[in-house]
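In this text, residue positions in the sequence shown follow UniProt numbering: the first is 1, and each later residue adds one.
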Amino acid sequence: MLERFYPNEYLDSVYDIDFEMYYKQGIRGIISDIDNTLVPHGAPATEEIVALFDKIHKLGIDTCLISNNQEPRVEPFAYAVKSKYIFDAHKPSTKNYRKAMELMGTTPKNTLFLGDQIFTDIWGANRAGVQTVMLKKIDKKEEIQIVLKRIPEKFVLWRWRKKLQKTQ
Numbered sequence: 001m002l003e004r005f006y007p008n009e010y011l012d013s014v015y016d017i018d019f020e021m022y023y024k025q026g027i028r029g030i031i032s033d034i035d036n037t038l039v040p041h042g043a044p045a046t047e048e049i050v051a052l053f054d055k056i057h058k059l060g061i062d063t064c065l066i067s068n069n070q071e072p073r074v075e076p077f078a079y080a081v082k083s084k085y086i087f088d089a090h091k092p093s094t095k096n097y098r099k100a101m102e103l104m105g106t107t108p109k110n111t112l113f114l115g116d117q118i119f120t121d122i123w124g125a126n127r128a129g130v131q132t133v134m135l136k137k138i139d140k141k142e143e144i145q146i147v148l149k150r151i152p153e154k155f156v157l158w159r160w161r162k163k164l165q166k167t168q
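Structure representation (structure tokens):
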């Protein structure tokens, strides 16, 4: 039952992702959350994240940012990293994951999702059939509704790790 919430991979940072490997595996589109996935909540795009997106694009991978935030937050960030974007996405609804793939011309088989929350980001991407990479949150400071979701999220990740240990 909890499997629907499990990420395919769990890493410390977006900078730990082997994008070349994913490209070789056929990934041609990346859908990503912004806040606490790429930068601290509310922060602008950093030089490092702009350089990372440039590297991803040079590999031949398209990108689309998908956020539950409003356009004034998402549009300037997307502009800075030269990415397509969807704001007010209503994650975990699958509608805008599918829209992101449509914008990039990709399918669930050749799309990767990056996010920091199980019950919005990862669950929505899993339901859309997209491979997922969950990243540790960047900033401890979060809105109360997110803090409350982090409690059951810890249990889900604990179960996921136990399952991984059994299969190894």
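Ideal placement from N, C-alpha and C gives every residue a C-beta, glycine not left out.
Asked	Found
Might you give, ordered along the chain, the residues of its own chain that have their beta carbon closer than 6 Å to the beta carbon of Met134, omitting 5 neighbours on each side?	Pro7, Tyr10 and Ile122
Which partner residues of Ser32 appear in the DSSP bridge assignment?	Leu65 and Leu114
Can you tell me whether Thr167 is buried or exposed, with buried defined as 16 or more other CB within 10 angstroms of its CB?	exposed
Going by C-alpha to C-alpha distance, which of Lys140, Ile138 and Met101 sits closest to Ser83?	Met101
On the DSSP bridge assignment, give the partners of Val156 in chain order.	Paired residues: none, contrary to the question.
How would you write the range of the alpha helix (DSSP H) that Glu9 sits in, first residue to last?	First-last for Glu9: Glu9 to Leu11, but that is the beta strand (DSSP E), not the alpha helix (DSSP H).
What are the partner residues of Gln131, as DSSP defines its beta bridges?	Leu112
Can you tell me which of the three DSSP states Ile27 falls into?	coil
Rounding to the nearest angstrom, what Cα-Cα distance links Leu148 and Tyr15 in this structure?	27 Å
Could you check the C-alpha separation between Pro92 and Lys137 for me, to the nearest Å?	18 Å
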